[in-house]
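All residue numbers for the sequence shown refer to this note's numbering, where the first residue is 3 and numbers rise by one.
In this text, a Cβ means the ideal position worked out from N, Cα and C, and glycines have one as well.
Nothing here was measured: the structure is a model prediction, and the numbers come from that model.
Read through the structure below, which is laid out as structure tokens, and then see the notes.
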Amino acid sequence: MSSERQHLAVKLRRVASDDATDVTLSVFCPAQGASVSVEECMTCDRCEGLHVDPTETDTFLVCSLAAIPAAEEPRPPAPATTPPDATPVTEVMTSAVLCVSADTTLEALTSLFLEHGISGAPVVDDQGRPIGVVSKTDLLREMTVRGQTEEVESRTFRVHGWDIDLGRGFHLAEVAQARVRDIMMPLAYALPESAPLSLAAALMAQEGVHRVPVVSGNDGSVVGIVSALDVLRWLARSEGYLVPLASERGLKEPAKE
Numbered sequence: 003m004s005s006e007r008q009h010l011a012v013k014l015r016r017v018a019s020d021d022a023t024d025v026t027l028s029v030f031c032p033a034q035g036a037s038v039s040v041e042e043c044m045t046c047d048r049c050e051g052l053h054v055d056p057t058e059t060d061t062f063l064v065c066s067l068a069a070i071p072a073a074e075e076p077r078p079p080a081p082a083t084t085p086p087d088a089t090p091v092t093e094v095m096t097s098a099v100l101c102v103s104a105d106t107t108l109e110a111l112t113s114l115f116l117e118h119g120i121s122g123a124p125v126v127d128d129q130g131r132p133i134g135v136v137s138k139t140d141l142l143r144e145m146t147v148r149g150q151t152e153e154v155e156s157r158t159f160r161v162h163g164w165d166i167d168l169g170r171g172f173h174l175a176e177v178a179q180a181r182v183r184d185i186m187m188p189l190a191y192a193l194p195e196s197a198p199l200s201l202a203a204a205l206m207a208q209e210g211v212h213r214v215p216v217v218s219g220n221d222g223s224v225v226g227i228v229s230a231l232d233v234l235r236w237l238a239r240s241e242g243y244l245v246p247l248a249s250e251r252g253l254k255e256p257a258k259e
């Protein structure tokens, strides 16, 4: 009998609101076939330690899987690339994902989008389960509609020490009081973490969307987000191009529109 050690990538979910950011760490458990909290994983006898990467791109737990037979049936060699119907969506998704609460103001949402360089985010409830998606398109549409009837001076945001002037066309007097729940698209679909990449591609193509939340098989909470750009990167890599996946790039990943 022999044992096998495996590095399990730690997924990070941030849920931002007006005055706080809640951070949740999870990891996919091979034994349960679903994501569990890092705290639960570290109480397991199979857990052999946690490696923390300050850049949040390569944090992982070391798992000692159950013993496997020393002699196994011979297997055919693995193909050079894995087909999309056999590639789990968790291999290409963004696992360090920024979520927002439905109560977040649009002013705070604008600051979050600018600060993190993203164009959309899942909206989650108190348990981290997705209830909608909000994008910069939703935000700009709301600003433009309200701006047609509001005569207000232009608004400036301060991000990383820089003042960003949005100009007079946005007119944020009422928008600053509006909330994410007022403009978000209610969630009509999400993908389980066991879903193949081909299903993610088919869903985005069918629905005409750029991103889909990925949820845990245990409690339905968000563990990542997969975008059309992630699918394109996977396709490029399968053809031999050196394109980093979202998991190798950090937080700034949800698809640019």
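In the structure shown, H9 falls within a strand segment according to DSSP collapsed to helix, strand and coil. Pairwise C-beta distances place the region 107-117 out of contact with the region 230-239, as fewer than three of them are shorter than 8 Å.
Classified as exposed, L67 has fewer than 16 neighbouring CB atoms from the shown chains inside 10 Å of its CB. The beta carbons of A18 and V102 sit about 5 Å from each other, so the pair counts as a contact at 8 Å. Per the C-alpha coordinates, the member of R183, V216, Y191 positioned closest to A104 is R183.
CA-to-CA, the gap between T26 and D55 works out to about 16 Å. Rounded to the nearest whole angstrom, the C-alpha separation of M145 and K138 is 10 Å. The DSSP-derived three-state label of R213 is strand.
Annotated three-state conformation of V182 is helix, per DSSP.
By the criterion of a C-beta distance shorter than 6 Å, S39 is surrounded in its chain by S28, once the five residues flanking it on both sides are discounted. For R7, the number of other beta carbons within 10 angstroms of its own is below 16, and it is reported as exposed. T106 counts as buried, since no fewer than 16 other beta carbons sit within 10 angstroms of its beta carbon.
CA-to-CA, the gap between V224 and G242 works out to about 31 Å. The beta carbon of M44 lies closer than 8 Å to those of L52, L63 in the same chain, with the five residues before and after it left out. The three-state secondary structure of D24, taken from DSSP, is strand.
Note on E195: 16 or more other CB atoms within 10 angstroms of its CB, so buried under the neighbour-count rule. Residue state for A104 is assigned as coil, using DSSP reduced to three classes. Judged by beta-carbon spacing, I185 lies within the 8 Å limit of D140, meaning their Cβ atoms are closer than that value.
DSSP places E50 within a strand segment (E or B) once states are collapsed to three. Boundaries of the alpha helix (DSSP H) around S240: 230-240. Taking the Cα of E209 as reference, the smallest distance to any Cα among A197, M187, D87 is reached at M187. Annotated as distal: G122 and R16, with beta-carbon spacing of 8 Å or more.
A distance below 8 Å separates the beta carbons of L247 and V94. In terms of Cβ geometry, P198 and A88 form a close pair [threshold 8 Å]. Apart from sequence neighbours up to five positions away, the residues of its chain that approach V217 with a beta-carbon distance below 8 Å are R131, P132, A192, L193, P194, E195, S223, V224, V225, ordered along the chain. Apart from the 5 residues on each side of it in sequence, R143 sits with its Cβ closer than 8 Å to the Cβ of I185 in its chain, given in chain order.
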